[in-house]
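According to mature numbering (1 follows the signal peptide of the UniProt record, and there is no 0), the residues represented by the sequence shown are -25 to -1, 1 to 248, in order. Glycine is no exception: its CB is placed at the ideal position from the N, C-alpha and C atoms. The model shown is predicted, which means the values in this text are computed figures rather than measured ones. Here's the structure we're looking at; comments come further down.
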Amino acid sequence: MKKDFLVYCAIAGVTISIAAATAYAAPWQSSDRQNEALKEALAERLPKTEISRIDCSQINGVCEVQAKSNLFYTDESGRYLIIGRIYDLETRQDLTAARLLEMAPETLVDGAAKTARADTDEHRSMEAGQEIAEAKVSLTKLNEKGAINWGKGSHTVTIFSDFRCGYCQRLHQTLSDMNVRVVERPISILGSRAISEAVICAEDRQTALKKAYAGADLAGSRKCDTSGLDQNEGFARENGFTGTPVIVREDGAVLRGYRPKAFLEQWLEGKVS
């Protein structure tokens, strides 16, 4: 069964909510002929993008396009290009993340769509796995009110995370197996503010943090000063952190997205960027 088109997309750092009422039109049924027509339209508009798969059957009005190991979206006519993540707000599932995991579990970057490389004058999107040089950031103005400190080690990393982000949960598990001190700073991208407040206000923040990632009920948590969360989110906006997780090293170097343990150990030592 198709999902209704009620999705959340992050496009070029701008968060856009999109809703299309299916009551006004019958669901668009995907067929080989329609897919081929769409493929031809995209080939004309994105001549350097090698399209390997098109699926218009999952979300009304939206077609998923796979170009090798990259993923992006378009409407059924191929006129509008959507680059970013799509979320199902009813199931709280990151649909793009799920597809990327199916396609290539080892290429988890920023929990977001690996965008198609469309080398035209109008548009150049990120190639899968391509690293973008990040300006370093200063964390000195952030106070402890919005932080959950855990782990021990000679290095410290600051994590901007969302408790509904699957990549953040995976990063939490990875860092738990490393000798590193973690300063976790929750930001609400997937509507998780209430969970963040429950964790920050808990008597034992570390235990509450683990429960939050496990999906446990944190109801009944006490109230407290949550201005630290406002500070976290303000800092994230100022620095263009539109997805999670974002990892900040002691020297201010920024790494967006999940990375495996071996990479993180090298990155913390400054051996890779």
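Item to check | Spatial distance of Glu244 from Gly232 (CA atoms) | outcome: Counted from its first residue, the sequence shown places residue 244 at position 269. Counted from its first residue, the sequence shown places residue 232 at position 257. Between Glu244 and Gly232, the C-alpha separation is close to 18 Å.
Checklist entry - How long is the line joining the alpha carbons of Asp30 and Asp200, rounded to whole angstroms? => result One-based indexing of the sequence shown puts residue 30 at position 55. One-based indexing of the sequence shown puts residue 200 at position 225. Approximately 47 Å between the Cα atoms of the pair.
Item to check | Glu106 to Ile57 span [Cα, whole Å] | outcome: One-based indexing of the sequence shown puts residue 106 at position 131. One-based indexing of the sequence shown puts residue 57 at position 82. Note that Glu106 scores a pLDDT of 38, beneath 50, so its modelled location is shaky and nothing firm can be said.
Item to check | Residue closest to Ser151, alpha-carbon to alpha-carbon, out of Ser136, Lys127, Gly36 | outcome: On the sequence shown, residue 151 is found 176 positions in, with the first residue counted as 1. For Ser151, the nearest C-alpha among the options comes from Lys127.
Checklist entry - What did DSSP end up calling Val247 once you bin it into helix, strand or coil? => result The residue given as residue 247 occupies position 272 in the sequence shown. Val247: coil per DSSP, three-state reduction.
Checklist entry - Measuring CA to CA, which of Tyr62, Leu46, Arg54, Gly53 is closest to Met78? => result The count along the sequence shown starts at 1 and reaches residue 78 at position 103. Out of Tyr62, Leu46, Arg54, Gly53, Leu46 has the C-alpha closest to the C-alpha of Met78.
Checklist entry - Grouping DSSP H, G and I as helix and E and B as strand, with all else coil, what is Phe238? => result One-based indexing of the sequence shown puts residue 238 at position 263. Helix, per DSSP.
Checklist entry - Which residue or residues does DSSP assign as beta-bridge partners of Asn124? => result Taking the first residue of the sequence shown as 1, we reach residue 124 at position 149. According to DSSP, Asn124 bridges with Val158.
Next on the checklist: Is Arg28 a contact residue of the ligand ATP, with contact defined as CB to any heavy atom under 8 Å?
Outcome noted: With respect to the ligand ATP, the structure offers nothing, as it holds no ligand at all.
Item to check | Residue from Asn207, Arg212, Asn124, His130 whose Cα sits closest to the Cα of Asp179 | outcome: To locate residue 179, count along the sequence shown from 1; it is residue 204. Of the listed residues, the one whose Cα sits closest to Asp179 is Asn124.
Checklist entry - According to DSSP, what are the bridge partners of Leu46? => result In the sequence shown, counting from the first residue as 1, residue 46 sits at position 71. Partner(s): Gln41.
Checklist entry - What residues in its chain sit with their C-beta under 6 Å from that of Leu230, if we drop five residues either side in the sequence? => result Mapped onto the sequence shown, residue 230 falls at position 255. Once the five neighbours on either side are set aside, the close Cβ partners of Leu230 are Ile222.
Item to check | DSSP three-state assignment for Gly112, whether helix, strand or coil | outcome: Position 137 of the sequence shown, counted from the first residue, corresponds to residue 112. It should be pointed out that residue 112 corresponds to Val in this sequence rather than to Gly. Coil at Val112, not helix or strand.
Checklist entry - If we ignore side chains and look at the alpha-carbon of each, how far apart do Ala16 and Pro22 end up? => result Position 41 of the sequence shown, counted from the first residue, corresponds to residue 16. Position 47 of the sequence shown, counted from the first residue, corresponds to residue 22. Ala16 and Pro22: Cα-Cα distance of roughly 10 Å.
Item to check | Environment of Glu159 [buried if 16+ CB atoms lie within 10 Å] | outcome: Sequence index remark: in the sequence shown, residue 159 carries index 184 (1-based). Glu159 is buried by the Cβ-count criterion.
Checklist entry - Who are Val223's beta bridge partners in DSSP? => result For the purposes of this step, residue 223 is taken as residue 248 along the sequence shown, with counting starting at 1. Val223 is bridged to Thr133, Val229.
Checklist entry - Which value, in whole angstroms, describes the spacing of the CA atoms of Gln68 and Asp50? => result Translated into the one-based positions of the sequence shown, residue 68 becomes position 93. Translated into the one-based positions of the sequence shown, residue 50 becomes position 75. Cα-Cα distance, rounded: 21 Å.
Checklist entry - Helix, strand or coil: which one does DSSP assign to Leu150? => result Counted from its first residue, the sequence shown places residue 150 at position 175. Looking at Leu150 - three-state DSSP - the assignment turns out to be helix.
Checklist entry - Tyr62 by DSSP, collapsed to three states: which one? => result Counting from one through the sequence shown, the residue named residue 62 turns up at place 87. In this structure, Tyr62 counts as strand in the three-state DSSP scheme.
Checklist entry - Using the rule of at least 16 other Cβ atoms within 10 Å of the residue's Cβ for burial, across every protein chain shown, is Gln144 buried or exposed? => result What you label residue 144 is simply residue 169 of the sequence shown in a count that begins at 1. Gln144 is buried by the Cβ-count criterion.
Checklist entry - If we ignore side chains and look at the alpha-carbon of each, how far apart do Ser171 and Val247 end up? => result Here residue 171 refers to the residue found at position 196 of the sequence shown. Here residue 247 refers to the residue found at position 272 of the sequence shown. If I take the Cα positions, the gap works out to 32 Å.
Next on the checklist: Contact defined as beta carbons within less than 8 Å: I believe Ile175 pairs with Gly203. What is the distance between those atoms, to the nearest angstrom?
Outcome noted: In the sequence shown, counting from the first residue as 1, residue 175 sits at position 200. In the sequence shown, counting from the first residue as 1, residue 203 sits at position 228. Contact flag correct, Cβ pair sits at about 7 Å.
Next on the checklist: Under DSSP, the beta strand (DSSP E) around Asp30 begins and ends at which residues?
Outcome noted: Working through the sequence shown from its first residue, we reach residue 30 at position 55. It spans 28 to 34 - the beta strand (DSSP E) in which Asp30 sits, taken as one unbroken run.
Next on the checklist: Nearest by alpha-carbon distance to Phe210: which of Ala72, Leu114, Thr71, Arg20 is it?
Outcome noted: Taking the sequence shown and counting its residues from 1, one reaches residue 210 at position 235. Of the candidates Ala72, Leu114, Thr71, Arg20, the one whose C-alpha sits nearest the C-alpha of Phe210 is Leu114.
Item to check | Anticipated Cβ contact below 8 Å, residue 255 with Ala183, distance rounded | outcome: With the chain represented from -25 up to 248, any question about residue 255 goes unanswered, as that position is not in the structure.
Next on the checklist: Taking its Cβ as the centre, do 16 or more other Cβ atoms sit within 10 Å of Asp137, making it buried, or is it exposed?
Outcome noted: To locate residue 137, count along the sequence shown from 1; it is residue 162. Buried: at least 16 other Cβ atoms inside 10 Å.
Item to check | Spatial distance of Glu208 from Thr217 (CA atoms) | outcome: For the purposes of this step, residue 208 is taken as residue 233 along the sequence shown, with counting starting at 1. For the purposes of this step, residue 217 is taken as residue 242 along the sequence shown, with counting starting at 1. Distance between the alpha carbons of Glu208 and Thr217: 10 Å.
Item to check | Reference Lys185, options Thr219, Glu213, Arg139, Glu225, closest by Cα | outcome: Start at 1 with the first residue of the sequence shown, and residue 185 comes out as number 210. For the residues Thr219, Glu213, Arg139, Glu225, the minimum Cα distance to Lys185 belongs to Arg139.
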